Structures are given as structure tokens and as C-alpha cells.
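In our numbering, the protein residues as written are 68 to 237.
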């Protein structure tokens with residue numbers, strides 16, 4: 068069986084509404100467990116209760132190291148105030164710069180006004196930026212994931228590397 072076609076069968080939780088941050092984190096961990104090659108993360112604020120969680124960072128680290136073609140890209144809004152504090156995800160990006168890259172988007176995201184984690188263009192978990200307590204889990208939504216991946220890649224091309232992201236204290 069092709070592993071790319073089995074995301075829905077392997078999912079231990081059904082697609083649909085989830086809470087934030089606990090359900091979002093659980094769903095993100097599940098996505099990362101089944102990701103083979105690429106993770107795209109877009110976050111307005113890079114909330115440490117999700118993106119700085121020990122299990123999340125460990126699973127992302129394992130995923131990007133598991134295959135020489137694996138990698139992660141993290142796109143953060145310029146609104147995120149990351150100065151003067153540590154962040155485990157950014158620490159990982161500094162430790163593995165060829166496997167986990169970070170950029171800052173200086174302009175507002177135009178189409179998707181949500182945070183999301185995309186896994187291999189096959190599934191995603193998302194949270195409307197302004198709705199802090201609800202999110203959506205879609206472990207096997209290729210069309211939704213592909214559309215968001217295309218949008219992410221467009222934003223990535225317009226984003227810049229940030230000295231602030233590279234120089235946060237560890």
C-alpha cells in the first residue's frame with residue numbers, strides 16, 4: 068500500500084472541528100507522525116503552547132532527519148513578537164538550517180487568514196487567526212492541502228529571512 072494514500076486510514080481521530088490549543092497540538096502531532104517529506108507551517112504568532120511544545124519539536128526534528136529529502140518551512144507573520152524570548156521551534160531551525168527554514172512575512176496573508184500546518188500536500192490542521200479556541204483537522208484533504216501549499220509557496224517567495232529569527236537567544 069502506498070503510504071500517501073493511507074493518511075485517512077491511519078488517522079486516530081476523525082476530521083472536523085477541534086479545540087485550540089490541545090486538539091490542534093494533538094492533530095499536528097498526528098500529521099507529523101505520518102509525514103514523509105515536507106511540512107509547511109504558517110503562523111501569525113507562533114504560539115509556544117503548540118509550536119514550542121517539546122513533543123511537537125521532537126517529532127518535527129525526527130521527521131526532517133528521517134529522509135534526506137525531508138524538510139520543513141516555517142513562515143511567521145511580522146506581528147509575532149519573538150524578541151527577547153526563546154522558542155524551541157526556532158532553536159531547531161537554527162540547529163538544522165538546511166532542514167528547517169524560517170522566514171517572516173512582512174505583509175498580511177491575503178487569501179487564507181488562518182494558521183496552518185500542511186503535511187506532504189495531503190492533509191492539514193488549521194486555525195482561524197482570530198478564532199483562538201477553535202480549529203479544523205483535515206488529515207486527508209488533498210485539494211485543501213494543495214491549495215494551501217500553493218498559497219504558502221507564493222507567500223514564502225515574498226517573505227524574507229529575519230535576523231530576529233536567527234538571533235533569538237537560546
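The beta-carbon is built from N, C-alpha and C at its ideal position, and this holds for glycine as well. Keep in mind it's a predicted model, so treat the numbers as computed, not measured.
Look at the beta carbons and you see the region 154-165 touching the region 125-135: at least three pairs across the two are nearer than 8 Å. By the C-beta criterion, the region 112-128 is judged not to be in contact with the region 78-85, since fewer than 3 inter-stretch pairs fall below 8 Å. Per DSSP, reduced to three states, the secondary structure at residue 138 is strand. 138 is the residue among 90, 87 and 138 whose C-alpha sits nearest the C-alpha of residue 103. The beta carbon of residue 182 lies closer than 7 Å to those of 109, 110, 111, 193, 194 and 196 in the same chain, with the five residues before and after it left out. Just so you know, the alpha carbons of residue 220 and residue 98 end up roughly 19 Å apart. In this structure residue 185 is buried. Its beta-carbon is surrounded by 16 or more other beta-carbon atoms within 10 angstroms. The beta-carbon distance between residue 142 and residue 222, rounded to whole angstroms, is 6 Å. This is short enough to meet the 8 Å contact definition. Per DSSP, the continuous alpha helix (DSSP H) segment holding residue 89 begins and ends at 89-101.
Take the alpha-carbon of residue 86 and the one of residue 200: they are about 6 Å apart. Just so you know, the alpha carbons of residue 88 and residue 117 end up roughly 6 Å apart. A direct Cα-to-Cα measurement between residue 203 and residue 147 gives close to 22 Å. For a cut-off of 8 Å, the C-beta gap from residue 205 to residue 171 is around 26 Å, too long to register as a contact. DSSP, reduced to helix, strand and coil, places residue 129 within a helical segment of the structure shown. Taking C-beta atoms as the reference points, residue 123 and residue 173 fail to come closer than 8 Å. Within the model, the alpha-carbon separation for residue 90 versus residue 96 is close to 10 Å. Nearest neighbour of residue 125 by Cα position, chosen from 155, 107, 140 and 216, turns out to be 155.
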